[in-house]
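In our numbering, the protein residues as written are 1 to 367. Please read the structure below before turning to the comments.
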Ligand code: NAP
């Protein structure tokens with residue numbers, strides 16, 4: 001099969017670099033178009049990232065020699081689209097919310113589907129916020145979105161914030177088994193790579209914890225409600241539960257966000273901790289027959305050791321796409337408590353975006 005040519009907006013940044021390496025050998029998609037700020041535009045990709053490449057893996061030789069375009073120049077992307085060099089784009093832009101929202105809409109309006117990591121469109125009523133295992137049916141709002149905007153081929157689909165990735169699948173597994181959560185208190189310990197590059201100044205991070213990440217607690221409390229919601233009359237209707245209280249902290253870890261949760265069930269409670277572990281072990285939901293290349297074989301991995309999960313030891317589990325859980329035990333205030341981990345720049349960013357694109361291709365929304 002010929003690989004589909006794709007573009008990356010924000011290709012030089014932390015998430016952009018992860019897209020580039022994860023797509024090096026991807027069986028369906030090939031990077032043929034890269035764009036970033038005017039600071040990088042006009043340089044070869046290898047020149048634009050020289051001295052600020054962050055990953056152990058490098059980029060494919062053909063990507064190093066691509067010319068970086070200005071991501072604000074939609075007409076250039078439209079020309080690449082016409083020439084067959086770019087069929088859709090992954091957006092990993094870090095710029096103002098209003099500018100990002102307008103720019104992503106301009107791409108969609110020019111006929112270029114946008115699979116985004118940015119938060120700008122997460123609250124747009126007809127834009128799906130996808131975690132492929134949890135709400136693949138939310139992609140089916142795309143025809144209504146296109147019709148309402150008058151877009152023929154373009155559309156926008158986004159993924160949620162990286163801080164919620166580690167516990168959304170465990171919560172979904174329990175809800176599917178008849179045990180939805182009613183109230184949650186969660187504390188996150190988020191890696192520095194989550195702030196992009198150069199990100200948080202080193203003197204704020206070394207020997208330190210920063211107990212504030214702008215906007216993150218609000219996102220952690222609200223985004224799950226849209227993901228657990230449903231489509232009604234061409235727009236999303238949010239779920240009412242779970243009510244979440246979040247404390248988000250930046251900690252001196254390179255990659256991997258950890259969350260500790262205390263959870264109260266809505267009504268029925270599982271009979272034992274072993275029952276919960278069995279529910280997590282059996283969790284698979286995705287169109288299984290789709291065999292999506294980026295999908296983890298084991299979406300939830302439970303570690304029995306008292307001192308796991310740990311970012312350095314567990315973040316790369318199953319292509320860094322699994323969530324790793326441990327320390328499940330009864331809670332003295334709510335019903336249960338546990339610790340969850342996911343890789344923020346892979347599962348929580350580029351890998352999650354690629355999995356969403358695979359899902360959208362499988363469902364026939366990307367060609
Ligand atoms: P980053 O390292 O700061 O990279 C930002 C990218 O945006 C760079 O390619 C940069 O280009 C480009 N850019 C900046 N200003 C621009 C402008 N005015 N016009 C066009 N392009 C511009 O940020 P990041 O961590 O990769 O995050 C990218 C997006 O993903 C953000 O929306 C972020 O919220 C989201 N996200 C990040 C994570 C994570 O773990 N890091 C997780 C989930 C979601 P230059 O290199 O030329 O400046």
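Quick reminder that beta carbons are idealized off the backbone N, C-alpha and C, glycines included. Computed from a predicted model, the values in this text were never measured in an experiment.
The closest CA to that of residue 239, considering only 250, 226 and 247, is found on 226. Contact annotation: residue 123 and residue 222 have beta-carbon atoms nearer than 9 Å. Counting C-beta pairs closer than 8 Å gives fewer than three between the region 126 to 142 and the region 80 to 91, which falls short of the contact rule. In the same chain as residue 24, and ignoring 5 residues on each side of it, the C-beta atoms closer than 6 Å to its own belong to 60, in chain order. Judged by DSSP in its simplified three-state form, residue 159 adopts coil rather than helix or strand. Look at residue 114: its beta carbon is at least 8 Å from all of the heavy atoms in the ligand NAP.
Going by beta carbons, residue 106 and residue 76 fall outside the 9 Å limit. Not one heavy atom of the ligand NAP lies closer than 8 Å to the C-beta of residue 21. In the structure shown, the three-state DSSP call for residue 112 is coil. Not one heavy atom of the ligand NAP sits closer than 8 Å to the Cβ of residue 130. Non-local C-beta neighbours of residue 358 in its own chain, meaning closer than 8 Å and more than five positions away in sequence, comprise 28, 132, 290, 292, 293, 294 and 295, ordered along the chain.
Annotation for residue 117 indicates a beta carbon within 8 Å of some heavy atom of the ligand NAP. Judged by DSSP secondary structure, residue 312 falls within the alpha helix (DSSP H) whose first and last residues are 311 to 314. When C-alpha distances from residue 144 are compared across 231, 271 and 73, the shortest belongs to 231. In the three-state DSSP reduction, residue 82 falls in the helix class (H, G or I).
The three-state secondary structure of residue 59, taken from DSSP, is coil. Burial state of residue 314 is buried, judged by a 10 Å Cβ sphere holding 16 or more other Cβ atoms. With respect to the 9 Å criterion, residue 184 and residue 264 are classified as neighbours on the basis of their beta carbons.
Following the DSSP letters along the chain, one finds residue 145 inside the alpha helix (DSSP H) bounded by residues 142 to 149. With a 10 Å radius around the Cβ and a threshold of 16 neighbouring Cβ atoms, residue 254 comes out exposed. Beta-bridge pairing by DSSP links residue 302 to 325.
Straight through space, the alpha carbons of residue 220 and residue 79 are spaced by roughly 38 Å.
Under a 10 Å Cβ-count criterion, residue 246 is classified as buried, with 16 or more other Cβ atoms of the shown protein chains found around its own Cβ.
Short of 7 Å from the beta carbon of residue 173, and not among the five residues preceding or following it, lie these beta carbons of its own chain, in chain order: 279, 280, 283 and 300. The residue from 16, 241, 186 and 228 with its alpha-carbon nearest to that of residue 217 is 186. With distances taken between CA atoms, residue 193 lies nearest to 163 out of 163, 179 and 168. The continuous alpha helix (DSSP H) containing residue 203 extends over residues 202 to 205. Judged by DSSP in its simplified three-state form, residue 99 adopts helix.
Residue 341 sits close to residue 259, with the two beta carbons spaced by under 9 Å. Burial check for residue 39: the Cβ neighbour count within 10 Å stays below 16, so the residue is exposed.
Scanning its chain for C-beta atoms nearer than 6 Å, with the 5 sequence neighbours on each side dropped, one finds around residue 110 the residues 74 and 78, in chain order. Relative to the Cα of residue 70, the nearest Cα in the group 333, 118 and 7 belongs to 7.
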